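Engineer: Quick one: the structure is below, questions incoming.
In the UniProt record's numbering, the protein residues as written are 1 to 216.
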């Protein structure tokens, strides 16, 4: 992780420039939630695993952004939001069918990174790679400047779920469970029906319980 951060920031003269290089690198890793679920279900959840596989979804993008920023000596942390994204157009079709349900469920624990720069924390959502965002008609409208928050392009924010020094264990376990359930559903019609109808699974952990460990 340190060597990757060093390569990305080589020649940069300010923290803003260093952070911008890290943000764009992580953002433009291809977004593929199903491929990410496959390695996550094998227990590969570290930021180094994400970079080794070269594809990610919000969990891996946020973790990688934070790890690389810290390796470049820029304070960073994990943040979460619940999103209203009924079309879920960025999800792999197989995952969309399961997660969406009959009327479309929210994304309850969307992960993103925050960095401390110029005296304040800024939210930098690096989830969807720019080519995919543009292709699906939701291009980024905010350009990185080291000052302005960059929001997700996936949908409106329903709820802020707090900021955390490290990835909360409850949310990590939930994503690992979801990954396993999705892969099982793709192997079995009976499991597919069960998983698609499991509202409790797709709701994720209780925000109030997880939020007890938030730092902001």
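Where a beta carbon is used, it is the ideal one built from N, C-alpha and C, also for glycine.
All of these numbers come straight from a predicted model, not from anything done at the bench.
With C-beta atoms as the reference, is residue 185 less than 7 Å away from residue 98?
Structural biologist: Residue mapping note: residue 185 aligns to position 185 of the chain shown, counting from 1. Residue mapping note: residue 98 aligns to position 98 of the chain shown, counting from 1. In contact: residue 185 and residue 98 (Cβ atoms closer than 7 Å).
Engineer: Just verifying my parser: in three-state terms, what is the DSSP assignment at residue 157?
Structural biologist: Against the chain shown, residue 157 aligns to sequence position 157. Strand, per DSSP.
Engineer: If we ignore side chains and look at the alpha-carbon of each, how far apart do residue 2 and residue 58 end up?
Structural biologist: Here the question's residue 2 lines up with position 2 in the chain shown. Here the question's residue 58 lines up with position 58 in the chain shown. Each residue's alpha carbon lies about 21 Å from the other.
Engineer: When burial is assigned at 16 or more other CB atoms within 10 Å of the CB, is residue 127 buried or exposed?
Structural biologist: Position 127 of the chain shown, counted from the start, is the residue given in the question as residue 127. By the neighbour-count rule (16 or more Cβ atoms within 10 Å), residue 127 is buried.
Engineer: Would you identify the three-state DSSP class for residue 90, choosing helix, strand or coil?
Structural biologist: Mapped onto the chain shown, residue 90 falls at position 90. Three-state result, residue 90: coil.
Engineer: Under three-state DSSP, which class holds residue 31?
Structural biologist: Residue 31 sits at position 31 when you count from the first residue of the chain shown. Correct three-state label for residue 31: strand.
Engineer: Can you say whether residue 237 is buried or exposed, counting buried as having 16 or more other CB atoms within 10 angstroms of its CB?
Structural biologist: Since the displayed the chain opens at 1 and closes at 216, residue 237 lies outside it and no answer follows.
Engineer: Tell me whether the beta-carbon of residue 83 lies closer than 7 Å to the beta-carbon of residue 155.
Structural biologist: Taking the chain shown and counting its residues from 1, one reaches residue 83 at position 83. Taking the chain shown and counting its residues from 1, one reaches residue 155 at position 155. Contact flag set, yes.
Engineer: So which of 134, 96, 165 and 215 has the shortest CA-CA distance to residue 179?
Structural biologist: For the purposes of this step, residue 179 is taken as the residue at position 179 of the chain shown. When each option's Cα is compared against that of residue 179, the closest is 96.
Engineer: Can you give me the start and stop residues for the alpha helix (DSSP H) that residue 203 sits inside?
Structural biologist: Within the chain shown, residue 203 is the residue found at index 203, counting from 1. Run containing residue 203: 199 to 203, per the alpha helix (DSSP H) assignment.
Engineer: Going by DSSP, name the residue or residues bridged to residue 173.
Structural biologist: Residue 173 sits at position 173 when you count from the first residue of the chain shown. DSSP output for residue 173 lists no bridge partner at all.
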